[in-house]
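Count along the sequence shown starting at 1, add 127, and that's the number in the numbering used here. Below is one structure; the comments refer to it alone.
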Amino acid sequence: MATTPTVPNGQTIETDIPRRLDRLPWSRWHLRILTALGTSWLLDGLEVTLVGSLASILTTPQGLSLTDKQVTAAASTYLAGAVFGALLFGYLTDRLGRKKLFLVTVATYSLATLASAFSWNFLSFAILRSLTGVGIGGEYAAINSAVDELIPGRVRGTVDLIVNGTFWIGGTVGALASIYLLSGHAIGGNHGWRFAFGIGGVLGVVIFLLRLSVPESPRWLMLRGQEQRAEEIVHRIENKISGGQPNSLPKLEGDPLKIKVRDHTPWRDIFANMLGENRPRTYLGLILMIAQAFFFNAVFFSYGLVCKTFFHIPDKQIPRHLLPFAIASFLGPLTIGRLFDTVGRKKMISITYCAAGIVLAGTAIPFATGAAGPLTVSICFSVVFFIASSAASAAYLTVSEIFPLELRAFAIAVFYALGTLAGGVGAPLFFGELIDTHSRLAVSLGYGLGSILMLAAGVCEAKFGIETAGKSLESISKPLQSG
């Protein structure tokens with residue numbers, strides 16, 4: 128379909144597209160869209176769990192003979208690649224459209240993770256993991272913006288948390304696949320870890336095909352003057368959901384939105400908004416993202432090494448200890464996600480961040496003294512992850528909601544990048560050094576730092592958070608181009 132603007136640059140249009148999308152009842156159409164788009168988190172969860180599960184085998188001659196520090200360094204290269212990918216594809220998503228970029232990002236991921244299966248030494252593995260991260264980082268920006276712009280405001284919190292929670296479905300798949308492939312029953316021990324990376328590539332290809340039928344965001348199209356195409360897409364959605372009777376849909380509420388058409392948003396406007404008018408929102412998004420990034424990347428990327436170093440668990444059994452984390456982390460958003468729409472964002476984000484920090488601190492103490500064995504630690508961390516996964520998902524939801532439409536994808540990318548750089552890239556390296564000391568106390572202090580960050584983020588949300596539950600995106604933050 129042609130993408131030539133039907134409204135020239137600088138002209139003002141009046142549109143009811145946001146109101147029409149927000150009034151739609153939840154339907155199978157929405158479910159199909161989420162199946163195609165929400166799987167980006169599943170892929171990341173798969174990657175994180177695979178590396179965590181395979182960490183020990185990669186240090187053996189059957190793997191790549193990596194050192195513990197090289198394993199955690201490879202995890203950091205993955206995250207560094209994700210930072211670059213988020214910034215690059217985040218900007219391009221706002222400039223070129225949601226659909227083009229979420230097809231490019233999943234293709235990048237699929238090719239790179241397939242290539243990871245053919246790594247032959249640390250350098251090749253680190254480079255390919257970095258490229259895999261580029262694709263995943265781009266996914267965060269392109270997908271979160273597209274999902275939020277297609278989902279009715281009254282259920283956006285619930286849907287976003289469940290979609291982001293699919294990270295842990297990927298984690299579960301990664302853990303189960305690792306258990307099977309590393310068992311040596313189906314595939315030789317020398318090659319099982321290679322087939323594990325192949326799983327991600329195959330899933331990526333399937334997801335790419337599913338996304339071909341997903342429409343471009345009508346909200347993005349209206350900004351760029353493609354009013355006719357946006358209208359056609361919304362009309363098709365309304366007909367599909369209403370069974371060909373759009374007059375049966377709920378009445379529109381509110382006033383039409385006036386938009387001044389622009390072919391792109393200048394850098395000066397982007398940073399003027401984030402560092403000027405919306406500076407408090409910028410600080411809030413930053414602390415939420417840093418806290419959850421440090422927590423998850425520190426614990427998950429290094430737990431396989433913790434099991435091996437302190438509990439002397441064989442390599443092939445390590446995925447079994449990561450599996451409960453993944454299951455609990457998906458059940459969290461699935462069971463309490465609705466509360467972020469009913470109780471409200473501020474209360475639930477504050478509660479989940481603070482509760483996760485408290486339970487994490489409580490877990491670190493018996494680990495440090497040696498009073499907690501592997502089963503006890505796994506149970507405690509499962510409780511932490513049950514709570515913290517909703518908190519982390521809500522962080523992405525927050526930064527997606529509180530900034531204008533023109534810079535939504537880039538804002539997600541910036542916060543993901545800064546949070547990952549500050550809390551994610553350094554965390555695996557930091558914990559690699561702590562584990563290398565063979566000191567339980569040192570590792571516990573690392574967990575203590577994660578606890579403090581989660582508590583601080585919860586307090587900041589309680590004081591500076593913005594209540595967005597049930598509101599349209601345009602009422603939370605007016606588009607820069609609005610009249």
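Don't be surprised by glycine CBs; every beta carbon is placed ideally from N, CA and C. On a predicted model such as this, the values are computed, not experimentally measured, just so you know.
Kindly indicate the opening and closing residues of the alpha helix (DSSP H) around I368.
E354 to S369
Specify the secondary structure class of S566 as computed by DSSP and reduced to three states.
coil
First through last residue of the beta strand (DSSP E) which encompasses I140
T139 to T142
What does the alpha-carbon distance come out to for the pair L206 and N366?
42 Å
Under DSSP, the alpha helix (DSSP H) around I160 begins and ends at which residues?
R155 to L164
C-alpha distance - S203 paired with L556, whole-angstrom precision
7 Å
Under the assumption that Q419 contacts A522 (Cβ atoms under 8 Å), give the Cβ distance between them as a whole number of angstroms.
5 Å
Which residue comes first and which comes last in the alpha helix (DSSP H) that contains I386?
No alpha helix (DSSP H) contains I386, which is instead part of the beta strand (DSSP E) from L384 to K387.
Evaluate the contact criterion for the segment 384-402 versus the segment 184-196: three or more CB pairs, one atom per stretch, below 8 Å.
no
Does the pairing of the segment 257-272 with the segment 533-551 give three or more beta-carbon distances under 8 Å?
yes
Rounded C-alpha distance that separates I492 from C507
11 Å
Is it buried or exposed for F530, if we count other Cβ within 10 angstroms and need 16 for buried?
buried
Unbroken alpha helix (DSSP H) run spanning N291, endpoints
R283 to G292
Of the listed residues D275, V233, V231 and Q353, nearest to N136 (C-alpha basis)
Q353
If you draw a straight line from the alpha carbon of G471 to that of T564, how long is it in whole angstroms?
43 Å
Nearest-angstrom Cα separation, counted from Q189 out to N424
26 Å
My output table needs one value for S429: the three-state DSSP class, helix, strand or coil.
helix
With DSSP as the reference, label S516 as helix, strand or coil.
helix
Could you tell me if E141 is buried or exposed, where buried requires 16 or more neighbouring beta carbons within 10 angstroms of its beta carbon?
exposed
Nearest by alpha-carbon distance to Y574: which of Y430, T462 and Q608 is it?
Y430
Can the beta-carbon of A244 be found less than 9 Å from the beta-carbon of V341?
no
When DSSP labels each residue in this structure, what does S192 get in the three-state scheme?
coil
At least 3 beta-carbon pairs within less than 8 Å: the segment 405-416 vs the segment 583-591:
yes
Of all the options E380, K378, A323 and E343, which has the alpha carbon lying nearest to the alpha carbon of R363?
E343
L561 and F421 - do their beta-carbons sit closer together than 9 Å?
no
Can you check whether the C-beta of S340 is within less than 9 Å of a C-beta belonging to chain D?
Checking the listed chains, one finds no chain D in this structure; it contains a single protein chain.
Integer Cβ distance of L336 from A269, believed to fall under 8 Å:
Not quite, the Cβ-Cβ distance comes to about 17 Å (not below 8 Å), so this is no contact.
Leaving out five residues on either side along the sequence, give the residues of the same chain with a beta carbon under 6 Å from the beta carbon of L177.
G301 and A323
Cross-strand partners of S609 (DSSP beta bridge)
I386
Would you kindly work out how many angstroms separate the C-alpha atoms of R256 and G298, rounded to a whole number?
17 Å
Inspect the CB distances between the segment 596-603 and the segment 142-154 and report whether three or more fall short of 8 Å.
yes
Here's the rule I'm using: 16 or more other beta-carbon atoms within 10 Å means buried, otherwise exposed. How should E594 be labelled?
exposed
What distance in whole Å lies between the Cβ atoms of R346 and L532, which are believed to be in contact at a cut-off of 8 Å?
6 Å
Given a cut-off of 9 Å, decide if I514 and A482 are closer than it, judged by their beta-carbon atoms.
yes
Just to confirm my understanding: we take M128, look at its own chain, exclude 5 residues before and 5 after, and list those with CB closer than 7 Å. What are they?
Per-residue confidence for M128 stands at a pLDDT of 45, beneath the threshold of 50, marking its modelled position as unreliable; the derived number appears in the next sentence. These residues qualify, in order along the chain: R356.
What are the boundary residues of the alpha helix (DSSP H) that M349 is part of?
P345 to L350
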